[in-house]
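All remarks here apply to the structure that follows.
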Amino acid sequence: DSGVTQTPKHLITATGQRVTLRCSPRSGDLSVYWYQQSLDQGLQFLIQYYNGEERAKGNILERFSAQQFPDLHSELNLSSLELGDSALYFCASSGGGGSNQPQHFGDGTRLSIL
Amino acid sequence: KNQVEQSPQSLIILEGKNCTLQCNYTVSPFSNLRWYKQDTGRGPVSLTIMTFSENTKSNGRYTATLDADTKQSSLHITASQLSDSASYICVVSAQYNFNKFYFGSGTKLNVKP
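Going down the list, the protein sequences come from chains B and L.
No gaps in the numbering here: position 87 of the first sequence is 87 in our numbering, and each next residue is one more.
No gaps in the numbering here: position 74 of the second sequence is 74 in our numbering, and each next residue is one more.
Here it is as structure tokens:
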């Protein structure tokens, strides 16, 4: 058990809708990372937050946004959903903001767009 | 262009045998290289993290090597077990004034009894 909790585990919705994915990091971890894993593109880094502030941005679409709250949990908001957004979304956490910190992954939210 | 390439794409070995997975990268400026193990339907689990100055790092039966000059890394698995069946993903981090992560497409390892 990594200590990172993601909810929900599965989400099924339709095109054009909006969803929110939630992540609770390991106790004491200040950084949260979001990743997308699809069958055709593998794992892709979306965004990192450190202690409530955005730290780094990867291949995150403009239709997607994230935030980290004062209690350090994070949410990833996906809007105007398209079929291609169907994927596994992982959250990871680490103690600090540096790139040499080990990251601990949750088991993901599987998003299916119908 | 920053890229991470892994080989082979898939590998089948018999239980108890050793194997080596490869990772070549063009990411610059290099910060660190990680190997992850990902079981089907689960999140990746970190095996090793290596910075520029580290050549070898071990985690139990897993040993990673890094040659920063040739931009190559390998992950060697010794005395494989059925539980080693998983995807192994190489991730290279670039250090600008922020971190950026580049993922290989993974090697799918199947250990057969």
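Using N, Cα and C, we set each Cβ at its ideal position, and we do this for glycine too.
Please read all numbers here as calculations on a predicted model, not as lab measurements.
Bridge partners of B:Ser94 according to DSSP: B:Ser31.
Within the region 9 to 97 of chain B, complete beta strand (DSSP E) segments of at least 3 residues are found at 10 to 13, 19 to 24, 31 to 38, 42 to 50, 53 to 57, 64 to 68, 74 to 78, 87 to 94, given in chain order. When Cβ-Cβ separations below 8 Å define contact, B:Asn77 makes no contact with chain L. The beta-carbon separation of L:Ala79 and L:Gly16, rounded to 6 Å, stays under the 8 Å limit for a contact.
Of all alpha-carbon atoms in L:Val92, L:Asn110, L:Asn59, the one lying nearest the alpha-carbon of L:Gln6 is that of L:Val92. Under the Cβ criterion of 8 Å, B:Phe45 is counted among the residues facing chain L. B:Glu54 and B:Gly106 have their alpha carbons spaced roughly 20 Å apart.
Residue nearest to L:Lys1 within the set L:Phe52, L:Thr107, L:Ala94, L:Lys108 is L:Ala94 (criterion: CA-CA distance).
The alpha-carbon separation between L:Ile13 and L:Gly106 amounts to approximately 16 Å. In the DSSP annotation of this structure, the continuous segment of the beta strand (DSSP E) that includes L:Thr65 starts and ends at 62 to 67.
Membership of L:Leu109 in the beta strand (DSSP E) is indicated by the continuous run 107 to 112.
Secondary-structure assignment with DSSP links L:Ser74 through a beta bridge to L:Gln22, L:Thr65.
Between the alpha carbons of B:Glu82 and B:Asp40 lies a gap of roughly 15 Å. Chain L has a Cβ within less than 8 Å of the Cβ of B:Gln103.
For L:Thr70, no CB of chain B lies under 8 Å from its own CB, so it is not counted at the interface with that chain.
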